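J.: Got a structure for you, written out below as structure tokens; questions coming shortly.
In this note's numbering, the protein residues as written are 281 to 584.
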């Protein structure tokens, strides 16, 4: 069912809508109306109404008459489950899941829910209001498991079971940071993500998958390591963590600096009160920020 649609039924004339109780149930999966035990007061015309909760528009179907058969009275019988949830339901982390279960029967069956592992429902699940719908808000790993719906009356009982499977798209918990390294240095970038199933990792460089063709470039468990950096390693890198429910990305930049073509003199002779020019033109791309130090003191621009 589309999550933006809701179903309701008009009884005879608008605005008399069918009220759900232990005897009457409207499936929000199919839109069908179920009456566990038909009574004379149920005789009349029923009209299905579909409402778009976003646009607030409504569409009505044709009236459907309900009449009582005159060839006898239905005797008592055990519950017959007509509305049931799938055997396996995959539920995203933090979402709300609703399980439907409803049975016909005479007397009117009661509907109860339980976890097959015996763990009691958490406080966020209001079992008293569940009836034909068990709603679990903010679904978490601990909510996963097998659930059972029990329909019961004085003539017997019937059950249906289904498994709720937890999944979570990848979420980055550790991202690499931009770095500026001298040539021949080493680099290690860590990239970590949570998710279920456990995410796998791959790295890209400048929009293309990074292949570990060179021994000095290694990718393992989300980490990228490059030894003996060269100018060819300069570029934009991207860590990609993914499972079957999605992918997440983290962009990072590597700058490599080469001083070999412009080495500074170890000593420069200068007259007292004279002028001096010390050039620093390292080879790097893209161009980075250059700073100077005298000993451990960072130099700042001044009139001199």
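Glycine included, C-beta positions come from ideal geometry on N, C-alpha and C.
If you're wondering where the values come from, they're calculated on a predicted model, not measured in any experiment.
On a CA-only basis, which of 418, 503, 450 is nearest residue 469? Give me that one, please.
T.: 503
J.: Please return the same chain residues whose Cβ sits closer than 8 Å to the Cβ of residue 461, not counting the five positions on each side in sequence.
T.: 467, 509, 534, 535, 536, 537
J.: Just how far apart, CA to CA, sit residue 452 and residue 435?
T.: Cα-Cα distance, rounded: 55 Å.
J.: I believe residue 530 touches residue 455 by the beta-carbon criterion, under 8 Å. Please report the beta-carbon distance rounded to the nearest angstrom.
T.: 4 Å
J.: Leaving out the 5 sequence neighbours to the left and right, which residues in its chain are closer than 6 Å to residue 448 when beta-carbon positions are compared?
T.: 373, 475, 476
J.: Enumerate, from N- to C-terminal direction, the unbroken beta strand (DSSP E) stretches of 3 or more residues contained entirely within the region 450 to 532.
T.: 459 to 462, 467 to 469, 472 to 476, 480 to 485, 497 to 500, 503 to 506, 515 to 523
J.: Thinking just about the alpha-carbon of each residue, which of 331, 336, 440 is nearest to the one in residue 392?
T.: Of the listed residues, the one whose Cα sits closest to residue 392 is 440.
J.: Could you give the C-beta distance for residue 417 and residue 522, rounded to a whole number, given that I count them as a contact under 8 Å?
T.: With 8 Å as the limit, residue 417 and residue 522 do not qualify as a contact, their Cβ atoms being about 27 Å apart.
J.: So, is residue 347 buried or exposed, given that buried needs 16 or more other C-beta atoms within 10 angstroms?
T.: exposed
J.: Given residue 486, which residues of its chain have a CB within under 6 Å of its CB, disregarding the five upstream and five downstream residues?
T.: Cβ-Cβ distances below 6 Å link residue 486 to 515, 516 in the same chain, with the five nearest sequence neighbours on each side left out; the list follows chain order.
J.: So, are the CB atoms of residue 388 and residue 317 less than 7 Å apart?
T.: yes
J.: Just to confirm before moving on: does the CB-CB distance between residue 405 and residue 380 stay below 7 Å?
T.: no
J.: If I follow the unbroken beta strand (DSSP E) through residue 378, where does it start and stop?
T.: 377 to 380
J.: For a test of your reading of the model: does the CB of residue 419 fall under 6 Å from any non-hydrogen atom of the ligand SAM? Yes or no.
T.: Among the ligands in the structure shown, none appear at all, so the ligand SAM cannot be discussed.
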